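Notes follow once the structure below has been shown.
2 protein chains.
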Amino acid sequence: MDETRDFKTQLYEHFARIGKALSSGHRLELLDLLAQGGRTVEVLAREAGMSVANTSQHLQVLREAQLVAVRRDGQYASYRLADEQVFRAWQEVRELGRARLAEIDRTVSDFLADRETLQAVNAHELLRLVREEKVVVLDVRPKEEYQAGHIAGARSVPLAELKVHIKRLPKSREIIAYCRGPYCVLADNAVAFLRSRGYKARRLDSGYPDWKVQGLPVAVS
Amino acid sequence: MDETRDFKTQLYEHFARIGKALSSGHRLELLDLLAQGGRTVEVLAREAGMSVANTSQHLQVLREAQLVAVRRDGQYASYRLADEQVFRAWQEVRELGRARLAEIDRTVSDFLADRETLQAVNAHELLRLVREEKVVVLDVRPKEEYQAGHIAGARSVPLAELKVHIKRLPKSREIIAYCRGPYCVLADNAVAFLRSRGYKARRLDSGYPDWKVQGLPVAVS
DNA sequence: CAAATATTCAATTAACTTATTGAATATCTC
DNA sequence: GAGATATTCAATAAGTTAATTGAATATTTG
Numbered sequence: 002m003d004e005t006r007d008f009k010t011q012l013y014e015h016f017a018r019i020g021k022a023l024s025s026g027h028r029l030e031l032l033d034l035l036a037q038g039g040r041t042v043e044v045l046a047r048e049a050g051m052s053v054a055n056t057s058q059h060l061q062v063l064r065e066a067q068l069v070a071v072r073r074d075g076q077y078a079s080y081r082l083a084d085e086q087v088f089r090a091w092q093e094v095r096e097l098g099r100a101r102l103a104e105i106d107r108t109v110s111d112f113l114a115d116r117e118t119l120q121a122v123n124a125h126e127l128l129r130l131v132r133e134e135k136v137v138v139l140d141v142r143p144k145e146e147y148q149a150g151h152i153a154g155a156r157s158v159p160l161a162e163l164k165v166h167i168k169r170l171p172k173s174r175e176i177i178a179y180c181r182g183p184y185c186v187l188a189d190n191a192v193a194f195l196r197s198r199g200y201k202a203r204r205l206d207s208g209y210p211d212w213k214v215q216g217l218p219v220a221v222s
Numbered sequence: 002m003d004e005t006r007d008f009k010t011q012l013y014e015h016f017a018r019i020g021k022a023l024s025s026g027h028r029l030e031l032l033d034l035l036a037q038g039g040r041t042v043e044v045l046a047r048e049a050g051m052s053v054a055n056t057s058q059h060l061q062v063l064r065e066a067q068l069v070a071v072r073r074d075g076q077y078a079s080y081r082l083a084d085e086q087v088f089r090a091w092q093e094v095r096e097l098g099r100a101r102l103a104e105i106d107r108t109v110s111d112f113l114a115d116r117e118t119l120q121a122v123n124a125h126e127l128l129r130l131v132r133e134e135k136v137v138v139l140d141v142r143p144k145e146e147y148q149a150g151h152i153a154g155a156r157s158v159p160l161a162e163l164k165v166h167i168k169r170l171p172k173s174r175e176i177i178a179y180c181r182g183p184y185c186v187l188a189d190n191a192v193a194f195l196r197s198r199g200y201k202a203r204r205l206d207s208g209y210p211d212w213k214v215q216g217l218p219v220a221v222s
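Given below as structure tokens:
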């Protein structure tokens with residue numbers, strides 16, 4: 002029965018390829034960006050603060066583990082998540098980290114001192130508030146990410162445009178901002194700005210990909 | 002805003018600690034064993050075919066990532082999964098591998114040529130069959146694992162005892178065998194043996210931890 | 001077809017991970 | 001308290017991974 006041992010070793014070694022792909026901070030950041038929609042190498046490199054060559058190499062690793070797919074588009078290579086299950090695996094790792102690694106909470110509250118006062122709304126509460134027309138929902142990600150997919154009924158107001166757009170927001174209704182995910186700071190900044198101007202505002206506790214993967218209503222344009 | 006970059010880098014680096022813990026075949030095998038219940042270092046080493054020192058080192062890595070917890074018990078150190086979420090993360094990695102890595106299917110069908118003919122039952126079908134009292138359910142894992150927790154209504158018949166126990170099984174009802182997980186071969190062997198003796202038998206397509214994590218009825222004794 | 005742009009590849013270096021070995025520690029048993 | 005057992009630790013050697021650099025390739029634009 003030593004064949005059984007070889008079989009097991011080989012099998013777990015295969016699964017470990019997935020783990021290896023998830024074992025670098027840079028690669029997780031790339032996956033998290035790709036969860037918002039496809040992107041070129043250069044854009045990914047800029048957004049993740051890495052060199053293009055290094056980004057390309059990490060993308061090769063993700064591609065070998067079949068977590069991302071690439072489509073050549075003229076002179077650009079456009080990468081995207083291979084499928085939604087890849088996001089779910091990253092989400093599971095993220096939630097496990099949040100639950101078990103105290104350092105994560107510490108890092109977050111060092112950087113975002115007022116995270117606790119934010120009273121973030123969860124996805125199901127938000128769905129109810131939207132249905133009852135009690136809130137205005139703002140997608141504060143870059144416009145291209147909104148166009149690639151957004152929460153049904155949300156308006157696109159990239160953080161940079163919020164200062165201008167604010168005049169068109171009602172003070173009578175609460176405003177809910179969301180962005181890429183629970184650790185994305187765009188929504189925190191939006192909420193802080195809105196509150197400083199006397200608006201009632203909170204953030205969604207997760208992000209667009211989390212909303213989508215739960216099967217909640219989305220729109221594309 | 003370079004502080005934001007540092008914050009992100011640090012945060013993703015923390016999450017990558019979880020990925021790193023999942024990036025070795027040996028460690029995944031240890032987690033999969035621990036999902037059946039707590040075990041000592043020596044037992045883990047024997048079951049995973051590793052040296053005790055090496056097993057201990059891998060367990061330290063898992064412990065630093067907070068995926069396992071240890072309790073000293075006299076001269077033994079007993080390791081267990083830190084919580085059920087750890088199993089879910091491993092399960093997600095496992096399912097992602099199954100869905101995306103063709104090598105996994107190939108490795109399985111090379112070793113278990115008749116996997117396809119097995120017509121495995123899924124958890125919800127099994128639950129229905131049990132409720133309707135249409136089947137006999139056999140837990141073919143070692144007795145200690147049955148005692149640490151098993152599917153409600155299942156009988157403990159470790160594979161080695163099946164030859165003796167077979168006399169007490171009805172030919173009129175179908176027999177469903179299950180073991181540690183979808184890649185555990187104990188249930189395959191049990192089904193092959195039962196069929197060779199003229200019994201109607203199938204296996205559960207997953208294992209005890211998968212059943213439990215779905216919230217289906219379990220028993221302990 | 002030359003120049004510009006986007007991406008990948010290959011080579012290098014530094015840093016990290018793994019398995020092995022043997023020693024150290026800690027608990028139990030007599 | 002001596003001997004046995006279980007686990008961890010420390011040191012080593014071999015193997016792997018990461019970031020950087022500069023060159024190679026491939027596509028578009030003029």
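Taken in order, these protein sequences are the chains called A and B.
Take the position in the first sequence, starting the count at 1, then add 1; the result is the number in this note's numbering.
Take the position in the second sequence, starting the count at 1, then add 1; the result is the number in this note's numbering.
Ideal Cβ positions, reconstructed from N, Cα and C, are used throughout, including at glycine.
Source: prediction; values computed, not measured.
List the whole-angstrom C-beta distance separating residue i from residue j, where the pair is believed to meet the contact cut-off of C-beta under 8 Å.
i        : j        : result
B:Tyr179 : B:Arg204 : 7 Å
A:Gly182 : A:Pro159 : A:Gly182 to A:Pro159, Cβ: 16 Å. No contact.
B:Met98  : A:Phe88  : For clarity, residue 98 of chain B is Gly in the given sequence; the question names Met instead. Not really, about 16 Å apart at Cβ, beyond 8 Å.
B:Arg198 : B:Ile167 : 6 Å
A:Leu128 : A:Leu217 : 6 Å
B:Val62  : B:Ala22  : 6 Å
A:Leu119 : A:Val192 : 6 Å
B:Gly20  : A:Val94  : 6 Å
A:Leu31  : A:Ala49  : 6 Å
Please state whether DSSP places residue i in a helix, a strand or coil.
i        : result
A:Val226 : Residue 226 of chain A is absent from the model: chain A starts at 2 and stops at 222.
B:Ala153 : coil
B:Arg196 : helix
A:Asp84  : coil
B:Arg1   : Because chain B in this structure spans residues 2 to 222, residue 1 of chain B falls outside the shown range and cannot be described.
B:Tyr277 : Residue 277 of chain B falls outside the range modelled here, since chain B spans only 2 to 222, and no answer is possible.
A:Tyr209 : helix
A:Glu134 : coil
A:Arg174 : coil
A:Arg203 : strand
B:Arg28  : helix
B:Asp189 : helix
A:Asp115 : coil
A:Tyr147 : helix
A:Leu139 : strand
B:Arg73  : strand
B:Val158 : coil
A:Ala54  : helix
B:Val122 : strand
Let me know if residue i comes out buried or exposed under the rule of 16 or more other beta-carbons within 10 Å of its beta-carbon.
i        : result
B:Ala220 : exposed
A:Thr56  : buried
A:Val67  : According to the sequence provided, residue 67 of chain A is Gln. The question's Val does not apply to it. Looking at its Cβ environment, which holds 16 or more other Cβ atoms inside 10 Å, A:Gln67 is buried.
A:Lys135 : exposed
B:Val42  : buried
A:Asp7   : exposed
B:Ala103 : exposed
At a Cβ cut of 7 Å, what residues of the segment 45 to 59 of chain A count as close to chain B, listed as they run along the chain? Answer set for the segment 45 to 59 of chain A: Gly50.
Proximal residues, the segment 24 to 41 of chain B versus chain A, C-beta separation under 9 Å: Hits within the stretch, in order: Ser24, Ser25, Gly26, His27, Arg28, Leu29, Glu30, Asp33.
To be precise: take each residue of the segment 156 to 180 of chain B, compare its Cβ to all Cβ atoms of chain A, and keep it if any distance is under 9 Å. Which residues remain? Contact annotation: in the segment 156 to 180 of chain B, no residue has its CB less than 9 Å from a CB in chain A.
Members of the segment 85 to 101 of chain A near chain B, C-beta cut-off 8 Å: Flagged, chain order: Gln86, Val87, Arg89, Ala90, Glu93, Val94, Arg95, Glu96, Leu97, Gly98, Ala100, Arg101.
Can we say the segment 28 to 48 of chain A touches the segment 140 to 151 of chain A, given the rule of at least three CB pairs closer than 8 Å? Touching, per the Cβ criterion.
Using a Cβ-Cβ cutoff of 7 Å, what residues of the segment 180 to 212 of chain B are near chain A? List them in chain order. Cβ contacts with chain A: Tyr184, Val186.
Could you name the residues of the segment 4 to 16 of chain B whose beta carbon sits closer than 9 Å to any beta carbon of chain A, in the order they occur along the chain? Glu4, Thr5, Arg6, Asp7, Phe8, Lys9, Thr10, Gln11, Leu12, Tyr13, Glu14, His15, Phe16: these are the residues of the segment 4 to 16 of chain B whose beta carbon lies less than 9 Å from some beta carbon of chain A, given in chain order.
Please list the residues of the segment 105 to 120 of chain A that have a C-beta atom closer than 9 Å to any C-beta atom in chain B, keeping them in chain order. Under the 9 Å Cβ criterion, the segment 105 to 120 of chain A contributes Ile105, Thr108, Val109, Asp111, Phe112, Leu113.
Members of the segment 68 to 83 of chain B near chain A, C-beta cut-off 8 Å: Against chain A - using a Cβ distance shorter than 8 Å - the residues of the segment 68 to 83 of chain B are Leu68, Ala83.
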